[in-house]
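**Q** In this note's numbering, each residue's number is its place in the sequence shown (first place is 1) plus 183.
So that we are looking at the same thing, I have put the structure below in structure tokens.
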Amino acid sequence: MDKSSPIGVFDSGYGGLTVFKSIVAKMPQYDYLYLGDNARAPYGNRSFETVHEYTLQCVQWFFEMGCPLVILACNTASAKALRTIQQQDLPGIDATKRVLGVIRPSAEVIGNYSKTRSIGVLGTKGTVTSGSYEIEINKFFPDIKVHSKGCPMWVPLIENGEYGSAGADYFVEKYLDELMAGAADIDTILLACTHYPLLMDKIRKFLPAHVQVVAQGGIVADSLSAYLAKHTEMAQRLTQAGIIRFFTTDDTVDFDRHGSTFFGRAVRSEMVHLK
Ligand code: DGL
Numbered sequence: 184m185d186k187s188s189p190i191g192v193f194d195s196g197y198g199g200l201t202v203f204k205s206i207v208a209k210m211p212q213y214d215y216l217y218l219g220d221n222a223r224a225p226y227g228n229r230s231f232e233t234v235h236e237y238t239l240q241c242v243q244w245f246f247e248m249g250c251p252l253v254i255l256a257c258n259t260a261s262a263k264a265l266r267t268i269q270q271q272d273l274p275g276i277d278a279t280k281r282v283l284g285v286i287r288p289s290a291e292v293i294g295n296y297s298k299t300r301s302i303g304v305l306g307t308k309g310t311v312t313s314g315s316y317e318i319e320i321n322k323f324f325p326d327i328k329v330h331s332k333g334c335p336m337w338v339p340l341i342e343n344g345e346y347g348s349a350g351a352d353y354f355v356e357k358y359l360d361e362l363m364a365g366a367a368d369i370d371t372i373l374l375a376c377t378h379y380p381l382l383m384d385k386i387r388k389f390l391p392a393h394v395q396v397v398a399q400g401g402i403v404a405d406s407l408s409a410y411l412a413k414h415t416e417m418a419q420r421l422t423q424a425g426i427i428r429f430f431t432t433d434d435t436v437d438f439d440r441h442g443s444t445f446f447g448r449a450v451r452s453e454m455v456h457l458k
């Protein structure tokens, strides 16, 4: 019998691998399962109800696979499903399990990066319309002005392997110009979508040199490490054989090919059929 008790890391597709990479680099000792719901990605334009339904289904799969702790390495799922899962679903499923997201850890520190106190937040339409970043950042940094911009074409470009293409430049420049036109004093931009680090070079290319671009991987890894140091009862439940397994709800060949780019090393996935 498989007695492993891994940390679950979830994303709608490949994007969460950029965060997962930082988590594994910081805490290689734990066992992990990564699940990409590639068959139903992207989540970015979907309704609250749909994102909640899909995310909950994936969270339950992690629980069945033995994970006591699941990280939603997806801003859209964190914005649209996390609170309902934590407050309404978890108590009825298993109150000892935990599901954490990526918005709060990012909101807790992003204000420290800005001198002008004006920050740009780039995310999917779902993340931006939820208003979650404005609310969370202003809890920790009431003086910060948050300028959010939805970039609906970026995830499809990335999921389809077009992130390095000349065609992607058009949509990178377009959204950044629109963001900066509304707030020229922005000195810090948070990539509030775990897919976007794949566009980092292009994003930098179309921004003034003084604007810093912050990805979430390191922030989320530091926050998880601090969480486990504080919640020793959870840390003790996790097995530590350093075993990583990747799962996708869609084609494994595609996942392995794209996934290795996001993860930075070879990925060998297994297919999962969610019930
Ligand atoms: N990677 C997800 C995020 O951080 C979004 C991808 C999607 O639209 O499915 O929001």
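For each residue, glycine too, the CB sits at the ideal point set by N, CA and C.
(1) Less than 7 Å separating the Cβ of A224 from some heavy atom of ligand 1?
(2) According to DSSP, is T371 helix, strand or coil?
(3) S315: which of G350, S331, A224 and A208 sits nearest, CA to CA?
(4) Is there at least one non-hydrogen atom of ligand 1 closer than 7 Å to the beta-carbon of V338?
(5) I'd like to know if the segment 410-419 and the segment 295-306 are in contact, where contact means that at least 3 CB-CB pairs between them fall below 8 Å.
(6) Return the residue from the list G198, D433, L273 and E319 that minimises the CA-CA distance to A262.
(7) Determine the direct distance from the alpha carbon of D434 to that of L457, and round the result to whole angstroms.
(8) Can you name the residues that DSSP bridges to Y217?
(9) Along the chain, which unbroken stretches of the beta strand (DSSP E) at least 3 residues long are found entirely within the segment 275-360?
(10) Determine, for V394, whether the minimum Cβ-Cβ distance to residues of chain B falls below 8 Å.
(11) For D220, count neighbouring C-beta atoms within 10 Å of its own C-beta (all shown protein chains included) and say buried if the count is 16 or more, exposed if not.
(12) Under the assumption that L421 contacts I254 (Cβ atoms under 8 Å), give the Cβ distance between them as a whole number of angstroms.
(13) Inspect the CB distances between the segment 228-241 and the segment 357-373 and report whether three or more fall short of 8 Å.
**A** Inspection of the coordinates gives the following:
(1) yes
(2) strand
(3) Minimum Cα distance to S315 is reached at S331.
(4) Distances taken from the Cβ of V338 to the heavy atoms of ligand 1 include one shorter than 7 Å.
(5) no
(6) E319
(7) 14 Å
(8) Paired residues: V192 and F429.
(9) 281-283, 301-306 and 328-333
(10) Among the protein chains of the structure shown there is no chain B, as only one such chain exists.
(11) buried
(12) L421 to I254, Cβ: 12 Å. No contact.
(13) no
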